[in-house]
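Worksheet: the structure to be examined is printed underneath.
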Amino acid sequence: MNLEQIHASVKQECDYLDDKDCIKVRIGASADNPVHTEVVSRFQQEIDKHGIKARAIAAGSRGLYDIEPVTLIEKPGKPAILYHNNSPETAVELVNDYLLKDNARSDLALCSFGGEKLDGIPDISGIPLFSLQNRIALRNCGYIDPDNTNEYIACGGYGGLSRVLQIGCEKAIEELGKSGLRGRGGGGFSTAEKWRICHDTESGDKYVVCDAVDADPDARTARLLIESDPHSVIEGLLISAYAIGACHGFVCINSDYTAAIQRLGMALEQMRDYGLLGDNILDSDFNCNIEIIEVESSLVSGEETALIRSLENKQAMPYLRPPYPAVSGYNGNPTLVNNAETLANVSAIFQSDAALSSTADTKIITLAGDIAHKYTVEVPFGTTLRSIVTDIGGGTSSGKDIKAVQFGGPTGRFLAVHSLDIPVSYESTNEVGGIMGSGTIKVFAGEFCTVEMARDLMNYLQAESCGKCVFCREGTYQISDILNDIAGGKGRPEDLEMITEICEGMKSGSICGLGRTAPNPVLSSIKLFRDDYEVHIKEKKCPKK
Amino acid sequence: MSEEIIKLNIDGRDVETQKGKSVLEAALDAGIYVPHLCHHPDLPSIGACRLCIVEIEGIEGLQSSCVTPAENGMTVSTKSEEIDRWRLLAMELMLAGHPADCGSCDKYLNCELQSLKQYLGCEELSVRRRSKLLPINNDNPLFVHDPNKCVACGRCVRACGELRGVGILYYVKNGRETMTGTASDLPLTEAGCRFCGACAEVCPTGAIQDKEELVKGKNRRNALIPCRYACPAEIDVPRYIRFIREKDYSAAAAVIREKAPFPGVLGYVCDRPCEEVCRRGEVNEAISIRELKRFAAEHDINRAWEDNSGNKNSTGKKAAIIGSGPAGLTAAYYLNNKGHAVTVFESAPFAGGMMRAGIPEYRLPRKVLESEIQDIIKKGVAIKTDTRVESVDALLEEGFDAVVAAIGTHKGQKLNIPGADSPGVLIGIDFLKDINLGNKVDIGERIIVLGGGNVAFDCARAARRLGAGEVYLACLESREEMPATSDEIRQGEEEGIAVHPARSFTGIITENDRITGVECTRVASLSFDEDKKPCIEIEANSGHVLEADTVIFAIGQCPEIPPDFGLDTKTNNLIEIDSFSFSTSKEGVFAAGDAVNGTSSVIKAIASGRKAAVAADRYLEGNGIIDEKLAAVSEPEKCIGFQEGFAFMKRCEESCVPPEERVTNFEKVVRDMDEKTATEESERCLQCDLRLKITSVKFWGNY
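Protein sequence lines correspond, in order, to chains A and B. Positions in the first sequence are counted from 1; adding 102 to them yields the working numbering. Positions in the second sequence are counted from 1; adding 6 to them yields the working numbering.
Here it is as structure tokens:
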């Protein structure tokens with residue numbers, strides 16, 4: 103089937119999409135939300151009961167976990183309204199009050215957009231949670247029904263793939279280059295450059311891999327994308343496959359993301375029905391098949407070389423590059439590994455009008471730690487950490503003062519509360535010696551022992567170290583023990599120097615990113631709180647206790 | 007490896023290497039030592055230990071030279087302050103958890119880690135030391151794993167996975183410690199280990215070692231390939247088993263013939279010292295080596311050995327061999343191979359010695375022996391039967407340049423007890439000879455054989471087949487100490503022979519010139535003095551009579567030496583030889599086999615015959631090298647692969663004709679294995695010889 107035929111079918115299957123008189127009620131929440139299903143069915147029941155021309159749609163999560171289910175009601179002639187914290191009871195109420203009548207229930211509403219302002223309901227532009235965001239990768243999350251491919255297609259889905267099939271691989275890679283997209287998996291390498299290297303390698307079998315593994319335990323990026331909008335990632339994967347000349351793809355995902363895996367499976371099935379997978383995709387000569395691979399998540403599984411090893415059924419342990427996977431990866435074949443967020447960006451780039459030169463300049467951020475709202479959001483580069491923590495995160499959940507913020511995941515640097523004005527971007531994080539990593543912002547607040555904090559983190563990193571190379575394996579162990587001694591008042595005067603020495607060794611001598619960046623937390627913690635450490639060492643006690 | 011030559015400079019020296027080699031390999035090949043641990047010449051490099059770091063001009067940072075391909079024009083420094091700093095730190099970090107006491111470790115002075123520690127001058131550690139306190143695993147066969155000594159270099163993982171293709175070793179974590187081990191900490195047998203020993207071979211520390219009792223005090227090759235070294239003739243057992251597995255039976259037979267001209271005979275009667283020490287026996291059951299040998303011999307259709315054996319030009323020298331038993335014919339065969347003209351003198355009407363005269367047909371089918379003797383004759387050895395040599399000097403005067411006396415031990419002994427000369431008392435060896443000659447033999451109804459060795463069982467089982475109603479065997483030794491091989495004892499008992507061990511015999515009772523029984527006492531303990539004479543302690547008041555009408559003595563034999571033979575002898579009439587030169591008291595005369603060593607086994611006689619041939623050849627101005635290549639020499643396959651349930655594969659059953667069927671005739675008792683069984687049995691072999699093919703690592707002092 104070509105795209106036109108698919109669109110015709112979509113129109114038939116989902117007539118409500120084009121029906122201007124039909125009220126769309128999109129209830130979004132993540133798969134583990136306890137009331138989501140009930141709220142959706144209550145809405146539909148109430149709608150049916152009153153015979154209203156409306157449709158309740160079960161959408162995915164918007165990343166606003168603590169206020170979900172979040173419901174978007176699009177009533178013809180009215181601005182769209184977002185409601186938060188819906189329950190089965192409020193579902194009934196909203197149908198009766200707003201769908202039947204005209205009471206928009208500002209007490210239940212979050213904001214509105216796309217029309218005249220409503221009484222008591224703020225406009226979306228006034229809510230920092232939304233005004234600070236620019237949702238490109240997350241564009242459909244919370245809006246579309248992830249179990250219904252038609253909804254994705256109706257939003258421009260697979261238009262990107264169609265266009266790429268028309269313009270050809272070289273032009274596609276060129277256009278990707280112009281967008282400036284950099285790998286969102288933490289490396290920040292030019293995506294187009296990586297595709298070019300893979301494209302240029304002569305070989306019979308090439309493979310594309312989508313890294314949808316949240317290696318960082320606090321991150322929810324891959325989970326959000328696959329649960330709420332799997333097609334945005336799969337379309338990106340197909341585009342990457344076509345661009346480099348591959349016909350096999352893998353999606354690697356955490357084995358405990360059961361709902362996401364199920365959704366992914368369903369999505370692939372539905373694609374097959376539409377001829378979007380398998381032979382002659384969209385009636386072209388592009389053939390591609392995709393396999394789902396469940397991966398046991400660990401911090402090191404975020405390394406592309408470790409991921410490739412686990413695809414080969416070996417221990418997930420990184421190996422030295424060169425050879426780069428783009429040249430020789432899975433079973434020695436050229437393998438292109440892209441992060442799920444990167445691929446969601448890819449499909450967005452090619453879906454947008456070619457005339458508009460889109461630049462990929464947003465990043466998905468998850469908030470974690472002592473923060474009021476542990477949201478997953480997407481902000482443009484340049485947004486400061488402070489505004490994200492304060493305006494989106496809502497400050498600390500405990501009410502205590504922020505002591506430090508760790509950015510980028512478990513191997514990210516600690517930043518002091520006065521340094522939070524740095525903007526989110528690859529350049530600025532590099533400048534302060536940090537990493538973009540998973541884009542997680544973790545807040546530590548209150549009075550606690552900074553040495554213990556660094557020690558607990560290093561213990562975690564030591565446990566996550568795969569154990570292959572000396573500096574990471576033994577270095578994390580030594581530093582853990584030294585920090586433990588310092589925390590317990592048994593530190594020696596030369597310990598800080600020893601830690602620094604070992605850290606330098608880890609940075610230059612480790613095989614993979616985990617070992618190279620594992621020194622970040624402890625080194626930055628010493629830099630920020632040197633006095634704390636010295637008191638522990640000299641006076642053999644904790645200043646906080 | 008490509009042909010292209012790469013030129014680079016290392017530490018000021020111009021070095022050449024092949025394209026594809028790493029900087030480390032280029033340095034080591036040129037004799038420049040660069041410390042390394044996780045690198046091993048036979049394994050892919052991983053750059054984990056960071057000891058081999060070097061500075062390369064134009065490239066920032068320190069590179070692990072084991073994973074850096076050598077490029078033209080590279081300028082490499084292997085030493086600098088910066089390099090030393092990180093190298094030392096890497097070493098300290100590895101030593102932090104490693105036991106400090108080198109002296110108590112079996113790997114002391116043979117340990118790469120210790121050597122590196124010495125080289126880097128790493129004594130006082132600035133990092134924190136710890137004891138890993140992990141349990142040592144002694145529960146596996148053959149190998150001991152001590153995870154406390156493991157430095158996680160990963161060599162064993164790569165050796166098991168990438169070199170051998172088995173892949174049962176992984177990096178594992180036990181608490182906070184990283185080490186290598188099996189999945190789910192399964193015992194090696196359950197994990198699919200093939201016990202090839204590659205892991206122990208490449209381990210640079212004492213983490214994986216052979217079990218002490220298996221290797222202590224022994225020469226390494228002997229300990230690691232015990233079958234080959236337990237064989238008196240040093241037959242290359244792993245090599246012929248490999249040929250059998252590859253279904254090249256001709257090549258397998260050729261390998262056996264490289265050391266012994268009697269593969270079939272040995273396949274029937276060898277007492278298999280190799281199986282006693284087979285390392286597979288530590289895993290479950292030893293390989294059925296003798297059965298496989300027989301299988302190869304009997305399936306040698308192509309006789310690939312024949313054209314490759316011997317073929318030397320005539321030396322013009324003449325050698326005489328006295329006796330055509332296994333020792334004599336082996337010496338004859340090899341001397342003939344060297345180009346000497348060999349004549350074998352045999353006093354009996356047939357060739358074969360004890361193989362023909364002593365071993366009954368049900369143990370060794372006549373045609374097998376005759377065919378192998380024919381092979382020897384075909385090669386040019388002349389055998390003169392019915393010719394007894396009375397004196398060695400006579401042979402020398404006849405014009406023979408060298409003589410090998412291999413006259414065996416054909417004189418059976420009797421005990422000097424009352425009644426030993428009565429009619430109805432037979433000498434075992436003569437009894438067997440008569441049967442083998444086809445002579446009529448008179449025995450009674452109730453036979454008692456005195457003796458506990460194979461000859462005694464031969465007599466007993468032969469008597470059974472002649473129709474004796476009851477056959478007993480009584481001997482001095484306790485059951486555990488009986489010198490007969492276990493399969494002889496078992497098959498004998500199956501045939502209804504009652505065994506009475508631990509008896510001492512005091513007299514043979516007769517009545518009217520007919521034997522009625524043997525007076526015995528029970529033996530409380532038995533030991534032998536330096537002259538091999540028994541010291542018997544009898545149980546008081548244990549006298550009893552074992553009833554019988556025929557007594558067969560099978561208590562020992564000695565050589566029957568003609569009065570004018572002319573050679574010095576020692577106790578028991580054994581011919582005295584010098585253990586280095588194999589020469590007897592007469593120049594140019596050598597001796598071999600049972601005549602020198604006392605009654606022993608066919609394989610020992612063959613081995614002795616080989617040594618005599620070496621000595622005689624040297625004496626005849628040859629080079630004394632009788633080794634030949636009869637089968638293709640090829641590198642065995644390093645990648646042996648994973649085999650499900652390998653450690654649990656049972657030893658093939660050695661099946662025999664049922665006892666009731668076999669006691670009525672002298673047809674062969676053993677049943678032969680079929681091809682499927684032979685293949686399966688050969689697949690059980692641990693291939694211990696592969697281990698010694700792994701490149702030895704040179705320590706820094708050798709560069």
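Note that CB positions come from ideal geometry on N, CA and C, so glycine has one too.
Tell me the residue span of the alpha helix (DSSP H) that contains residue i.
{"i": "P623/A", "result": "P621 to L630"}
{"i": "L339/A", "result": "P332 to I346"}
{"i": "Y125/B", "result": "E118 to L126"}
{"i": "T542/A", "result": "T542/A -> not in any alpha helix (DSSP H); beta strand (DSSP E) instead, spanning T542 to A547."}
{"i": "V409/B", "result": "Taken as a continuous stretch (DSSP letters only), V409/B belongs to no alpha helix (DSSP H), being part of the beta strand (DSSP E) at A408 to A411."}
{"i": "A619/B", "result": "V608 to Y625"}
Identify the residues that DSSP records as bridge partners of residue i: which are they?
{"i": "D313/A", "result": "C354/A and N441/A"}
{"i": "G418/B", "result": "Q563/B"}
{"i": "H506/B", "result": "A480/B"}
Could you tell me which chain A residues have their CB closer than 7 Å to the CB of residue i, listed as they occur along the chain?
{"i": "A158/B", "result": "G569 and R575"}
{"i": "T184/B", "result": "G569 and R575"}
{"i": "Y176/B", "result": "Q417"}
{"i": "K179/B", "result": "G569"}
{"i": "W92/B", "result": "G607 and G611"}
Under the three-state reduction of DSSP, which class applies to residue i: helix, strand or coil?
{"i": "V73/B", "result": "helix"}
{"i": "Q649/B", "result": "coil"}
{"i": "H138/A", "result": "helix"}
{"i": "S83/B", "result": "strand"}
{"i": "H151/B", "result": "strand"}
{"i": "Q24/B", "result": "strand"}
{"i": "K385/B", "result": "coil"}
{"i": "L573/B", "result": "coil"}
{"i": "R284/A", "result": "strand"}
{"i": "H550/B", "result": "strand"}
{"i": "V15/B", "result": "Inspection of the sequence shows that residue 15/B is occupied by Asn rather than by Val. Three-state result, N15/B: strand."}
{"i": "Q235/A", "result": "coil"}
{"i": "L696/B", "result": "helix"}
{"i": "R594/A", "result": "coil"}
{"i": "G160/B", "result": "coil"}
{"i": "A36/B", "result": "coil"}
Can you list the residues of chain B that residue i reaches, using a CB-CB cut of under 7 Å?
{"i": "Y421/A", "result": "I52"}
{"i": "V572/A", "result": "A54, C55, R56, A96, L99 and M100"}
{"i": "Y579/A", "result": "R182"}
{"i": "A147/A", "result": "It is worth fixing the name first, because residue 147/A is Gln in this sequence and not Ala. The contacting residues do not exist; Q147/A stays about 50 Å from chain B at best."}
Which residues in chain A sit within 8 Å of residue i, going by Cβ to Cβ distance?
{"i": "L139/B", "result": "In chain order: nothing, as chain A lies at least about 14 Å away."}
{"i": "M360/B", "result": "The premise fails here: M360/B is roughly 59 Å from chain A at the closest Cβ pair, so nothing lies under 8 Å."}
{"i": "R227/B", "result": "By Cβ distance, chain A contributes nothing, its closest Cβ being about 34 Å from R227/B, past 8 Å."}
Grab the span of the beta strand (DSSP E) containing residue i for me, first residue to last.
{"i": "E396/A", "result": "N391 to V397"}
{"i": "T303/A", "result": "T303/A -> no beta strand (DSSP E), and no H or E assigned at all."}
Name the chain B residues whose beta carbon is nearer than 8 Å to that of residue i?
{"i": "D583/A", "result": "R134 and R136"}
{"i": "E603/A", "result": "L95"}
Cβ closer than 9 Å: which chain A residues qualify as neighbours of residue i?
{"i": "W311/B", "result": "Under the 9 Å cutoff, chain A gives no residues; its nearest Cβ is about 43 Å from W311/B."}
Is residue i near the ligand MG - that is, is its Cβ less than 8 Å away from at least one heavy atom of it?
{"i": "K344/B", "result": "Inclusion of the ligand MG in the displayed structure is not the case, the ligand content being empty and no account of it being possible."}
Interface residues of the region 59-85 of chain B facing chain A [CB-CB below 9 Å]: From the region 59-85 of chain B, only I59, G67, L68, S70, V73 and P75 have a Cβ closer than 9 Å to chain A.
Residues within the region 275-303 of chain B neighbouring chain A, beta-carbon criterion of under 9 Å: Under the 9 Å Cβ criterion, the region 275-303 of chain B contributes no residue.
Cβ-based contacts, 8 Å cut-off: residues of the region 605-631 of chain A near chain B: Answer in chain order: G607, S610, G611 and I613.
The region 555-569 of chain A: positions lying closer than 9 Å to chain B by Cβ: Against chain B - using a Cβ distance shorter than 9 Å - the residues of the region 555-569 of chain A are N561, Q564, A565, S567, C568 and G569.
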